[in-house]
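Peer 1: Positions -22 to -1, 1 to 193 (mature numbering (1 follows the signal peptide of the UniProt record, and there is no 0)) are the ones given, in order, by the sequence shown.
Shown below is the structure under consideration.
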Amino acid sequence: MTSRLFMVSGTVLLACALSACAPRQGRTLDEYPLVKVPSVQYPDVPFDTQAARAALQPGTATLTGKFCIVGNDGIESSRNVEIYLYPATPHLQAWHKLRSSQPEGAPVSMLPEAVAVHRVTRTNDDGIFQFTGLQPGRYFVQGQDMVYGTSRWNEYVGTGQSNTNYGPVTTHYYTERSSISSYSGMLDDFVELASGDNKKLTMTNYPLLIPCRTW
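In structure tokens, the structure reads:
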């Protein structure tokens, strides 16, 4: 009777050593909390591919613009920036309204077939771009450039003491530190063109700066 009880107890102890009583080495995948990734939101207005392509057929209007991004260190050289021009379809306008109603950075997008219908050009060394041969109508213009800024601050590095005629003096020493940060500067705007128009468009995040609005 005694030996049988000893054998059962040994089995229990062995099972404990191999499972729950053993040290935990880490968490299994099913123990980590689920991270909810927000799904992309699309406008509920359908996209008419044929009408959008027809709106980009050759016309007689011209749009000339300037892309001018201002960062912490002044005006960025917005050269060679890609500028996209989309026909302002009902789908695009619904996307723009939806994007405006959501928090900044929320995943809101047009349908891929809507994104594909556009014209594109690049800015020159002065940030100037141009679209020629446009039909009358409303367009959405968008460009993106990287903006850089320098932050500076004084960092404490130590304390020194010296003796003077007036007694001991404590001096705190600092050194200047700096870091460069960057962020994506996205600018966009709507523009209305009539037949034969030669319109100018300024795209800037700092409209009060004279170099950005006089060109």
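Just so it is clear, CB atoms sit at the ideal spot from N, CA and C, and this is done for glycine as well.
1) Which class does residue 82 belong to by DSSP, given the choice of helix, strand or coil?
2) Considering only their Cβ atoms, is the gap separating residue 121 from residue 45 smaller than 8 Å?
3) Do we get a CB-CB distance below 8 Å when we pair residue 151 with the residues of chain C?
4) Assuming residue 185 is part of the beta strand (DSSP E), what are its boundary residues?
5) Only counting runs of 3 or more residues, tell me where the beta strand (DSSP E) segments fall wholly within the stretch 69 to 114, in order along the chain.
6) To the nearest angstrom, how far is the alpha carbon of residue 181 from that of residue 166?
7) Taking its Cβ as the centre, do 16 or more other Cβ atoms sit within 10 Å of residue 188, making it buried, or is it exposed?
8) Taking the DSSP output, what are the residues bridged to residue 45?
9) CB residue 34 to CB residue 97, shorter than 8 Å?
10) Out of 104, 133, 19, point me to the one whose CA is closest to residue 69's CA.
11) For the beta strand (DSSP E) holding residue 21, just list the boundary residues, first then last.
12) Mind reading off the beta-carbon distance from residue 178 to residue 171? Whole number of angstroms is fine, and I expect it under 8 Å.
13) Please determine, among 164, 81, 152, the residue with the shortest C-alpha to C-alpha distance to residue 133.
Peer 2: To lay it out plainly:
1) If DSSP states are grouped into helix, strand and coil, residue 82 belongs with coil.
2) Note that the C-beta distance between residue 45 and residue 121 is below 8 Å.
3) Annotation note: the requested chain C is absent from the structure, which comprises a single protein chain.
4) Unbroken run through residue 185: none, as it is neither H nor E.
5) 97 to 100, 106 to 112
6) 7 Å
7) exposed
8) 181
9) yes
10) 19
11) Element bounds for residue 21: n/a, residue is neither H nor E.
12) Not confirmed; about 12 Å, so no contact.
13) 152
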